[in-house]
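*Asks:* Take this structure, written in structure tokens, and hold onto it; I'll ask about it next.
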DNA sequence: CGATCTACCTGATGGC
DNA sequence: TGCCATCAGGTAGATC
């Protein structure tokens, strides 16, 4: 489900909603959600601690604890974080419930159970969470200079969509936003990264930042199934601004050619065959 | 190194 | 109405 704009939307809400709150109890009912360490280790590690704030690393959410540890959440395809009151009925597929001393709960709901919750000491990231440690450039966190983006593209011989969605190279992009970014940049998904001109690299750089900023301003994208919702259960609105994603058969907003759908890496890719080269 | 495929799951949707 | 195939925001691992 969520990519960088959705995760960032949730991070900002978490920073407002749970920072300063003390964890009174943690209930883990899911059987697959806690995979690194045992459920008991997770619960013991959390209870009594206060959350200082929320950070984002690519598509990972990290709740920073008062002892420096991170409560890490990855939503994968169908995970949701929802704030709730203890008396609220629990949705199906609620796997983890954190109850705060000040009242209120944070719930992790995940029908497809690909999502994950774990605690890690950031000083031991390389050993204990290599997936987190090896994340690539985060377009929102650190600015990247044109020469370093050029280096990143030209030093490899990869198709652009594969490159942009590789979390070890660029952190946070997935199926929706690579399609939208590549359209905004006028580049095809299967274009070889080492053939870009400096002008195309500049366009790509601008497209990445522009699409992500606009998407965050719209609080992310929710598709027809509304799998993605924010902490309060509300969908985002950026899908209304999608130019190509899930718009096959419609006219390209830029050149009026018909948008096509292709199978790429086992999933759907949408692009304009006329203005993306 | 890079491309391709599979698996992990539940649920919604569309065709017949 | 039901049954079946297909598809969905992600990622790791195997294979070539």
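Residue numbers (this note's numbering): 1 to 277.
Even for Gly, the Cβ is constructed at its ideal location relative to N, Cα and C.
(1) How about residue 96 and residue 33: do their beta carbons lie closer than 8 Å?
(2) Between which two residues does the beta strand (DSSP E) carrying residue 271 extend?
(3) With DSSP collapsed to three states, give me the class of residue 25.
(4) From the DSSP output, read off the bridge partner residues of residue 80.
(5) Under a Cβ-count criterion, where at least 16 other Cβ atoms within 10 Å of its own Cβ denotes burial, should residue 148 be classed as buried or exposed?
(6) Just how far apart, CA to CA, sit residue 37 and residue 161?
(7) When you compare only the Cα positions, how much space is there between residue 172 and residue 244?
(8) Could you give the first and the last residue of the continuous beta strand (DSSP E) run that contains residue 264?
(9) Exposed or buried, which one is residue 242 when buried takes at least 16 other CB atoms within 10 Å?
(10) Could you compute how far the alpha carbon of residue 67 sits from the alpha carbon of residue 197?
(11) Kindly give me the distance between the Cβ atoms of residue 273 and residue 257, rounded to whole angstroms, as I take these residues to be in contact under 8 Å.
(12) Decide if residue 110 is buried, meaning its Cβ has at least 16 other Cβ atoms within 10 Å, or exposed.
(13) Run through DSSP, which three-state label would residue 228 get?
(14) Could you check whether residue 163 and residue 57 sit closer than 8 Å to each other, using their CB atoms as the reference points?
(15) Output the distance between the C-alpha atoms of residue 17 and residue 130, rounded to the nearest integer angstrom.
(16) Taking 6 Å as the limit between beta carbons, can you name the residues of its chain near residue 76, skipping five residues before and five after?
(17) Using the C-alpha atoms, what's the distance from residue 146 back to residue 205?
(18) Out of 187, 230, 217, point me to the one whose CA is closest to residue 270's CA.
(19) On the three-pair Cβ rule with 8 Å, is the region 83 to 94 touching the region 46 to 53?
(20) For the region 33 to 66, list the alpha helix (DSSP H) runs that are entirely contained and at least 4 residues long, ordered along the chain.
(21) Give the list of continuous alpha helix (DSSP H) stretches no shorter than 4 residues that lie fully inside the region 175 to 202.
(22) Run through DSSP, which three-state label would residue 216 get?
(23) Report the option in 150, 71, 6, 179 whose CA atom is closest to the CA atom of residue 264.
(24) Residue 140 and residue 312 - do their beta-carbons sit closer together than 8 Å?
*Replies:* So, from the data block:
(1) As a working note, residue 96 is residue 96 in the first chain. As a working note, residue 33 is residue 33 in the first chain. In this structure, residue 33 lies closer than 8 Å to residue 96 by Cβ.
(2) What you label residue 271 is simply residue 271 of the first chain in a count that begins at 1. DSSP places residue 271 inside the beta strand (DSSP E), whose first and last residues are 267 to 271.
(3) In the first chain, the residue the question calls residue 25 occupies position 25. Strand.
(4) Position 80 of the first chain, counted from the first residue, corresponds to residue 80. Answer is 109.
(5) Along the first chain, one-based indexing puts residue 148 at 148. Burial state of residue 148 is exposed, judged by a 10 Å Cβ sphere holding fewer than 16 other Cβ atoms.
(6) Counted from its first residue, the first chain places residue 37 at position 37. Counted from its first residue, the first chain places residue 161 at position 161. The alpha-carbon atoms of residue 37 and residue 161 are separated by roughly 34 Å.
(7) As a first step, residue 172 must be located in the first chain, where it is residue number 172. As a first step, residue 244 must be located in the first chain, where it is residue number 244. Their Cα atoms are separated by approximately 19 Å.
(8) Your numbering for residue 264 matches position 264 in the first chain. Where residue 264 is concerned, the enclosing beta strand (DSSP E) stretches over 260 to 264.
(9) Position 242 of the first chain, counted from the start, is the residue given in the question as residue 242. Around the beta-carbon of residue 242, 16 or more other beta-carbon atoms lie within 10 Å, marking it buried.
(10) Translated into the one-based positions of the first chain, residue 67 becomes position 67. Translated into the one-based positions of the first chain, residue 197 becomes position 197. Answer to the nearest angstrom: the Cα atoms are 48 Å apart.
(11) Here residue 273 corresponds to residue number 273 of the first chain, with the count starting at 1. Here residue 257 corresponds to residue number 257 of the first chain, with the count starting at 1. Rounded to the nearest angstrom, the Cβ distance from residue 273 to residue 257 is 6 Å, consistent with a contact under 8 Å.
(12) Taking the first chain and counting its residues from 1, the one referred to as residue 110 is at position 110. Its Cβ being crowded by 16 or more others within 10 Å, residue 110 is buried.
(13) Here residue 228 refers to the residue found at position 228 of the first chain. In the displayed model, residue 228 falls within coil according to three-state DSSP, outside both helix and strand.
(14) Sequence index remark: in the first chain, residue 57 carries index 57 (1-based). Sequence index remark: in the first chain, residue 163 carries index 163 (1-based). Not closer than 8 Å, so no.
(15) Taking the first residue of the first chain as 1, we reach residue 17 at position 17. Taking the first residue of the first chain as 1, we reach residue 130 at position 130. Distance from the CA atom of residue 17 to the CA atom of residue 130, rounded to whole angstroms, is 29 Å.
(16) Locating residue 76 in the first chain gives position 76, counting from the first residue. Sequence-distant partners of residue 76 (beyond 5 residues in either direction) whose C-beta falls short of 6 Å from its own C-beta, in its chain, are 114, 115.
(17) Taking the first residue of the first chain as position 1, residue 205 is located at position 205. Taking the first residue of the first chain as position 1, residue 146 is located at position 146. Approximately 7 Å, taken between the alpha carbons.
(18) Locating residue 270 in the first chain gives position 270, counting from the first residue. When only C-alpha atoms are compared, the closest one is 187.
(19) Because the criterion of three Cβ pairs below 8 Å is not met, the region 83 to 94 and the region 46 to 53 do not touch.
(20) Secondary structure within the region 33 to 66: the alpha helix (DSSP H) runs of 4 or more consecutive residues, fully enclosed, are 39 to 46 (chain order).
(21) Runs found: 175 to 185.
(22) For the purposes of this step, residue 216 is taken as the residue at position 216 of the first chain. Residue state, collapsed to three classes: helix.
(23) The residue given as residue 264 occupies position 264 in the first chain. With respect to the C-alpha of residue 264, the residue from 150, 71, 6, 179 having the closest C-alpha is 179.
(24) Past the edges of the chain, shown from 1 to 277, lies residue 312, and the structure says nothing about it.
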